[in-house]
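Undergrad: Chain order of the listed sequences is B and Z. Its first residue numbered 1, the first sequence is counted upward by one per residue in our numbering. Its first residue numbered 473, the second sequence is counted upward by one per residue in our numbering. Below you'll find the structure I mean.
Number of protein chains: 2
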Amino acid sequence: MNHPYAFTDALKRPLPASLAARLRERFGERFSTAAAVREHHGRDESPFHPIPPDAVVFAHTTDEVAQVVAWCAEHAVPVIPFGIGSSLEGHLLAVHGGVSIDLSQMDRVLAINAEDLTVTVQAGVTRKQLNDELKATGLFFPIDPGANASLGGMAATRASGTNAVRYGTMKENVLGLTVVTAEGKVIRTARRAKKSSAGYDLTRLFVGSEGTLGVITEVTLRLYPIPEAMSAAVVNFPSLADAVKTVIETIQLGVPVARSEYLCEHTIRAINAHSQTTLREAPTLFFEFHGTEASVKEQAELVQQLAREHGGQDFEWATRPEDRTRLWNARHNAYFACVQARAGCRAISTDTCVPISRLAESITGARRILDTASFPTMLLGHVGDGNFHAVLLIDPDNAHEVAEAERLNDEIVRLALAMDGTCTGEHGVGLHKMGFLVEEAGDDAIELMRRIKRALDPHNIMNPGKIFQLDA
Amino acid sequence: MNHPYAFTDALKRPLPASLAARLRERFGERFSTAAAVREHHGRDESPFHPIPPDAVVFAHTTDEVAQVVAWCAEHAVPVIPFGIGSSLEGHLLAVHGGVSIDLSQMDRVLAINAEDLTVTVQAGVTRKQLNDELKATGLFFPIDPGANASLGGMAATRASGTNAVRYGTMKENVLGLTVVTAEGKVIRTARRAKKSSAGYDLTRLFVGSEGTLGVITEVTLRLYPIPEAMSAAVVNFPSLADAVKTVIETIQLGVPVARSEYLCEHTIRAINAHSQTTLREAPTLFFEFHGTEASVKEQAELVQQLAREHGGQDFEWATRPEDRTRLWNARHNAYFACVQARAGCRAISTDTCVPISRLAESITGARRILDTASFPTMLLGHVGDGNFHAVLLIDPDNAHEVAEAERLNDEIVRLALAMDGTCTGEHGVGLHKMGFLVEEAGDDAIELMRRIKRALDPHNIMNPGKIFQLDA
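Here's what the structure looks like:
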């Protein structure tokens with residue numbers, strides 16, 4: 001089958017009956033081969049046709065994960081870690097079959113070390129749950145990829161999102177991990193010290209490894225004091241270029257904005273339709289400022305001044321929580337509003353990221369490419385980092401649209417690569433971007449990745465078939 | 473020989489004559505086997521007895537490094553990258569013999585991308601040279617480990633220093649590297665985008681790998697706008713505990729201090745003797761604040777208030793560059809002043825880092841351990857990160873003092889490990905901390921590091937014998 005969203009499962013082998021029996025005996029109802037359960041675990045938020053695993057285990061502890069992996073290793077059966085299923089590039093499809101380890105019931109916050117500004121959680125804790133449980137401490141965890149993803153999944157894909165422009169990505173905010181290796185051993189990748197030069201950076205090796213090197217079962221994260229003051233601002237621009245120039249100058253001046261998001265006029269139109277609002281359907285920037293009262297005011301004034309120089313208008317500024325929420329609602333609902341702009345569609349999201357000086361060129365280039373599309377498209381994203389998403393609303397059953405979407409995606413990625421940018425700022429490679437990764441990293445760098453994979457997972461059981469071809 | 477600072481070179485084999493001839497023909501006077509040159513390249517700032525390499529090549533380009541490594545690989549001859557020789561844990565000793573590749577003449581700033589807040593340099597560029605060359609841009613590179621180290625060396629040891637509390641370490645500030653692999657291939661570990669989820673994080677794998685996985689030949693770094701305002705503050709305390717509590721609360725409140733350094737009364741005494749100053753010989757904190765005029769003032773006021781609550785006195789605050797320099801001179805001269813406090817001594821520096829809430833316990837514990845010493849000792853360091861250095865001034869030819877120093881060092885490290893801290897916050901492992909690393913990381917994590925090493929350097933030619941025992 002040649003449909004670009006139908007990946008092959010030709011390497012799938014049946015689950016050995018003896019392994020299934022062992023797992024069933026050990027996990028009882030937490031072991032499932034039911035079709036609906038398997039189907040749910042063989043898909044993510046991408047438009048790709050699901051490829052279910054052969055079985056699903058719902059784990060409760062690191063030791064249970066280690067047991068499952070050790071047994072799977074004995075049988076050379078693949079293991080695919082599963083958080084909440086919100087990844088976007090086919091990370092979860094069981095292209096080699098095997099056992100999905102669902103970590104969503106590993107949802108305990110293990111240790112809040114408020115006085116150290118750290119927290120340790122089981123991998124299935126979601127970011128919203130974490131922030132709820134932190135409420136009494138005056139601390140928060142800023143990384144916000146939109147979806148209420150699991151923190152293990154966010155670590156595994158090196159996620160980031162709207163706050164990364166100020167607080168960094170999972171790479172900067174994971175202090176250490178507990179990982180089950182491909183042999184079923186349990187390691188901690190680092191101590192809780194804020195910095196360390198003690199040997200190879202295993203933490204950063206597992207962050208972004210997409211389940212291909214081991215199963216992340218616990219995550220220690222950096223926390224931040226909730227800022228004394230927060231404010232939000234929204235401003236419209238005559239053109240995309242004006243909006244983007246405002247962002248570029250904001251970053252170049254070193255204004256420590258907490259969020260700086262772009263929504264195109266098509267996105268605003270979708271939001272107006274979705275939320276019955278009457279926002280001006282123009283290129284729009286959303287800002288959030290964190291700091292002391294004085295510094296937040298200062299930041300907002302600086303940004304307003306920059307915006308004005310680029311034709312910004314309708315500058316709205318809000319400091320009270322309810323007003324901030326109202327202002328930002330549009331941004332928070334953007335993705336869902338976009339998806340609902342076309343009935344029955346699936347959304348494909350590009351994810352390029354370029355050096356900030358190339359952002360205007362990159363995003364106006366993307367706009368030009370999208371203007372040729374035969375289906376609705378939107379542009380939005382984390383422009384303060386040089387990262388944005390083109391959202392392509394296609395009918396996944398229409399082969400022409402699928403092919404066209406992939407072609408447009410290719411063009412947008414190639415444009416970013418030509419600007420020394422990356423094919424993926426925060427979504428990861430999964431199945432979808434394996435070709436782009438080769439272009440981006442080069443064969444010799446991919447060869448190092450292959451060697452690391454073979455060294456840590458000699459029988460290729462950890463989420464096999466993802467990120468790069470192992471045998472090239 | 474059993475002297476703890478005399479490492480064995482029993483694995484040294486003579487340099488193959490054919491390799492020496494090839495290198496001499498290719499590099500002419502930039503290839504040296506002179507005793508003085510070899511001796512200089514077989515030592516660092518540690519007190520360890522030098523073990524010279526068999527030859528030194530002064531490289532000018534990445535391609536030259538690749539050529540040297542490829543030839544050494546053919547002969548299975550070790551390669552040791554050399555920056556300026558300021559490492560502290562025996563990183564440069566040629567315990568297996570081989571060729572030292574001196575990168576200090578690779579000192580060109582290759583591309584200042586001011587509008588992207590990035591710069592790409594050859595590995596031999598030092599941090600001071602970089603900041604000199606950046607002067608016209610209004611940008612700076614903040615990482616400051618004290619020594620005027622090469623940026624390649626700083627990446628290789630995951631260095632940090634006084635500014636890390638605000639700007640992070642080399643881990644956070646290296647965007648990408650050009651690396652010569654153990655086969656002599658040249659790879660780039662990442663594009664220039666600020667964030668990426670494209671495959672394994674090869675950048676972070678090489679940062680901190682201490683030359684054991686490849687030779688870093690070019691470094692792309694993040695830059696920052698020079699703050700609109702900077703100010704410095706110095707404040708004395710009745711006790712170590714008072715000073716440290718002030719720092720802990722500063723961090724816990726989220727005050728974005730740019731530097732927060734502790735000097736003990738012994739250090740101040742050494743500085744007074746060295747610089748003919750009359751500073752009060754008391755536990756002292758040095759702060760630096762970066763931001764807008766208003767935010768710098770606000771930060772200083774907050775810190776002053778916290779300091780007062782802990783008995784802080786003589787709060788001095790300076791905003792003019794010359795006054796800031798005068799205030800901070802004591803801190804900048806601290807290490808040299810310490811070393812000169814005892815004629816003919818060598819300084820040994822511990823480097824533990826603990827979660828911030830354990831800092832008081834960790835540093836007062838260290839003080840108690842040091843109080844038993846038969847030689848002068850000082851405490852100073854980057855307390856805002858939970859990282860400090862005990863400086864032990866020993867006569868390296870006195871076996872008793874050496875043994876005593878190693879025992880005190882052991883005790884201080886064990887104390888940090890018991891607090892979920894690390895044996896090395898920023899100096900690296902080298903030869904000296906290989907034992908501690910096993911305690912800290914555990915055998916199973918070390919085994920992953922070994923596998924990565926074997927996978928990327930199958931013939932063990934890249935700075936062999938460092939960080940961990942390869943055959944355990």
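By construction, the Cβ of each residue, glycine as well, lies at the ideal position given by its N, Cα and C atoms.
Can you tell which of B:Arg414, B:Ala270, B:Ala300 and B:Glu210 has its C-alpha closest to the C-alpha of B:Ala229?
TA: Numbered from its first residue, the first sequence carries residue 229 of chain B at position 229. Comparing Cα-Cα distances from B:Ala229 to each of B:Arg414, B:Ala270, B:Ala300 and B:Glu210, the minimum goes to B:Ala300.
Undergrad: Does the distance from the CB of Z:Ile723 to the CB of Z:Ile835 come in under 7 Å?
TA: Position 251 of the second sequence, counted from the start, is the residue given in the question as residue 723 of chain Z. Position 363 of the second sequence, counted from the start, is the residue given in the question as residue 835 of chain Z. Taking 7 Å as the Cβ cut-off, Z:Ile723 and Z:Ile835 do not qualify as a contacting pair.
Undergrad: Which same chain residues end up closer than 8 Å to B:Leu470 when comparing Cβ atoms and leaving out the 5 residues on each side of it in sequence?
TA: Working through the first sequence from its first residue, we reach residue 470 of chain B at position 470. The residues are Arg450, Lys453, Arg454, Asn460 and Pro464.
Undergrad: Based on the DSSP secondary-structure assignment, which residues constitute the bridge partners of B:Val495?
TA: Missing from the structure shown is residue 495 of chain B; chain B here goes from 1 to 472 and no further.
Undergrad: Closer than 8 Å by beta-carbon distance: list the chain Z residues that pair up with B:Phe468, in chain order.
TA: Locating residue 468 of chain B in the first sequence gives position 468, counting from the first residue. The contacting residues are Gly671.
Undergrad: Rounded to whole angstroms, what's the CA-CA distance from B:Ala21 to B:Phe206? Just pull it up for me.
TA: By 1-based counting over the first sequence, the position of residue 21 of chain B is 21. By 1-based counting over the first sequence, the position of residue 206 of chain B is 206. Looking at the two C-alpha atoms, the distance is approximately 31 Å.
Undergrad: Any beta carbon of chain Z sitting closer than 7 Å to that of B:Gly386?
TA: On the first sequence, residue 386 of chain B is found 386 positions in, with the first residue counted as 1. For B:Gly386, the answer is yes, since a Cβ of chain Z falls inside 7 Å of its Cβ.
Undergrad: Can you tell me the Cβ-Cβ gap for B:Tyr262 and B:Leu408, rounded? I've got them flagged as a contact below 8 Å.
TA: Your numbering for residue 262 of chain B matches position 262 in the first sequence. Your numbering for residue 408 of chain B matches position 408 in the first sequence. That pair is no contact at about 19 Å.
Undergrad: Return helix, strand or coil for B:Ile348, following the three-state DSSP convention.
TA: Your numbering for residue 348 of chain B matches position 348 in the first sequence. If DSSP states are grouped into helix, strand and coil, B:Ile348 belongs with the strands.
Undergrad: When the cut-off is 7 Å and only beta carbons count, does B:Met154 lie next to chain Z?
TA: Residue mapping note: residue 154 of chain B aligns to position 154 of the first sequence, counting from 1. Not an interface residue.
Undergrad: Would you list the residues sitting across from Z:Glu898 in a DSSP beta bridge?
TA: Position 426 of the second sequence, counting from 1, holds the residue named residue 898 of chain Z. Beta-bridge pairing links Z:Glu898 to no other residue.
Undergrad: Inspect the beta-carbon positions of B:His91 and B:Leu11 and report whether they are closer than 7 Å.
TA: Sequence index remark: in the first sequence, residue 91 of chain B carries index 91 (1-based). Sequence index remark: in the first sequence, residue 11 of chain B carries index 11 (1-based). Not closer than 7 Å, so no.
Undergrad: With a threshold of 7 Å between beta carbons, is B:Pro355 in contact with chain Z?
TA: Position 355 of the first sequence holds residue 355 of chain B. By this cut-off, B:Pro355 is an interface position.
Undergrad: Please report whether the beta-carbon of Z:Ala927 lies at a distance below 7 Å from any beta-carbon of chain B.
TA: Translated into positions along the second sequence, residue 927 of chain Z becomes position 455. Closer than 7 Å: yes.
Undergrad: I'd like to know whether the C-beta of B:Glu89 is nearer than 7 Å to at least one C-beta of chain Z.
TA: Translated into the one-based positions of the first sequence, residue 89 of chain B becomes position 89. No, its Cβ sits nowhere closer than 7 Å to a Cβ of chain Z.
Undergrad: Which parts of the region 706–738 of chain Z are runs of the alpha helix (DSSP H), unbroken and 4 residues or longer, counting only runs that do not cross its ends?
TA: Counting only runs of 4 or more, we get 712–724.
Undergrad: On a Cα-Cα basis, can you pick out the residue from B:Trp328, B:Glu447, B:Thr267 and B:Thr126 that is closest to B:Ala390?
TA: Locating residue 390 of chain B in the first sequence gives position 390, where the first residue counts as 1. The shortest Cα separation from B:Ala390 among B:Trp328, B:Glu447, B:Thr267 and B:Thr126 belongs to B:Thr267.
Undergrad: Are there 16 or more other CB atoms within 10 angstroms of the CB of B:Pro474, so buried, or fewer, so exposed?
TA: Residue 474 of chain B falls outside the range modelled here, since chain B spans only 1 to 472, and no answer is possible.
Undergrad: Counting only runs that start and end within the region 669–706 of chain Z, where is the beta strand (DSSP E) found for 3 or more residues in a row?
TA: With a minimum length of 3 residues, the continuous beta strand (DSSP E) runs that stay inside the region 669–706 of chain Z are 686–694.
Undergrad: Residues in the same chain with beta-carbon distance under 8 Å from B:Tyr224, minus the five sequence neighbours each way, listed in chain order, please.
TA: By 1-based counting over the first sequence, the position of residue 224 of chain B is 224. Excluding positions up to five away in sequence, the list reads Leu117, Leu139, Phe140, Phe141, Pro142 and Tyr167.
Undergrad: When you compare the region 883–894 of chain Z with the region 414–427 of chain B, are there three or more beta-carbon pairs, one atom per stretch, that lie closer than 8 Å?
TA: Short answer: they don't touch.
Undergrad: What does DSSP give as the partner residue(s) for B:Ile394 in the beta ladder?
TA: Looking up residue 394 of chain B in the first sequence gives position 394. The partner list for B:Ile394 (beta bridge, DSSP) reads B:Arg346.
Undergrad: Who are the neighbours of B:Val215 on chain Z, taking C-beta pairs under 7 Å?
TA: Position 215 of the first sequence, counted from the first residue, corresponds to residue 215 of chain B. The premise fails here: B:Val215 is roughly 14 Å from chain Z at the closest Cβ pair, so nothing lies under 7 Å.
Undergrad: Less than 7 Å between the beta carbons of B:Asp107 and B:Val125, yes or no?
TA: The sequence position of residue 107 of chain B within the first sequence is 107, counting from 1. The sequence position of residue 125 of chain B within the first sequence is 125, counting from 1. In this structure, B:Val125 lies closer than 7 Å to B:Asp107 by Cβ.
Undergrad: Just reading off the beta strand (DSSP E) that Z:Val811 is part of, what are its end residues?
TA: Residue mapping note: residue 811 of chain Z aligns to position 339 of the second sequence, counting from 1. Note, Z:Val811: premise wrong, no beta strand (DSSP E); alpha helix (DSSP H) at Ala806 to Val811.
Undergrad: Starting from B:Leu379, follow the beta strand (DSSP E) in both directions and report where the run begins and ends.
TA: Here the question's residue 379 of chain B lines up with position 379 in the first sequence. From DSSP, the beta strand (DSSP E) with B:Leu379 extends over Thr377 to Gly381.
Undergrad: So, Z:Pro522 versus Z:Val874, is the Cβ gap smaller than 7 Å?
TA: Mapped onto the second sequence, residue 522 of chain Z falls at position 50. Mapped onto the second sequence, residue 874 of chain Z falls at position 402. The answer is no: Cβ separation not under 7 Å.
Undergrad: Does Z:Cys810 have its Cβ less than 7 Å from a Cβ in chain B?
TA: Residue numbering aside, residue 810 of chain Z sits at position 338 when the second sequence is read from its first letter. So no, Z:Cys810 is outside the interface.
Undergrad: For Z:Gly784, which of helix, strand or coil comes out of DSSP?
TA: Position 312 of the second sequence, counted from the first residue, corresponds to residue 784 of chain Z. In this structure, Z:Gly784 counts as coil in the three-state DSSP scheme.
Undergrad: For Z:Arg660, count the other beta carbons within 10 Å of its own beta carbon; 16 or more makes it buried, fewer makes it exposed. Which is it?
TA: Taking the second sequence and counting its residues from 1, the one referred to as residue 660 of chain Z is at position 188. By the neighbour-count rule (16 or more Cβ atoms within 10 Å), Z:Arg660 is buried.
Undergrad: Label B:Gln122 either buried or exposed according to how many other C-beta atoms from any shown protein chain fall within 10 Å of its C-beta, with 16 as the threshold for buried.
TA: As a first step, residue 122 of chain B is located in the first sequence; it is residue number 122 there, counting from the start. Result: buried.
Undergrad: Return helix, strand or coil for B:His274, following the three-state DSSP convention.
TA: Start at 1 with the first residue of the first sequence, and residue 274 of chain B comes out as number 274. Helix.
Undergrad: Could you please tell me which residues of the region 629–642 of chain Z, in chain order, have their CB closer than 8 Å to any CB of chain B?
TA: Answer set for the region 629–642 of chain Z: Thr629, Arg630, Ala631, Ser632, Ala636, Gly640 and Thr641.
Undergrad: Alpha carbon to alpha carbon, how far is B:Thr277 from B:Asn236? Give it in angstroms, no decimals.
TA: Indexing the first sequence from 1 puts residue 236 of chain B at position 236. Indexing the first sequence from 1 puts residue 277 of chain B at position 277. Near 15 Å, if we compare the C-alpha coordinates of B:Thr277 and B:Asn236.
Undergrad: Count Cβ pairs between the region 646–658 of chain Z and the region 687–694 of chain Z that sit closer than 8 Å; are there 3 or more?
TA: Judged by Cβ distances under 8 Å, the region 646–658 of chain Z makes contact with the region 687–694 of chain Z, as three or more pairs qualify.
Undergrad: What residue range does the alpha helix (DSSP H) around Z:Gln601 cover?
TA: Within the second sequence, numbered from 1, the residue matching residue 601 of chain Z stands at position 129. Taken as a continuous stretch (DSSP letters only), the alpha helix (DSSP H) holding Z:Gln601 covers Arg599 to Glu605.
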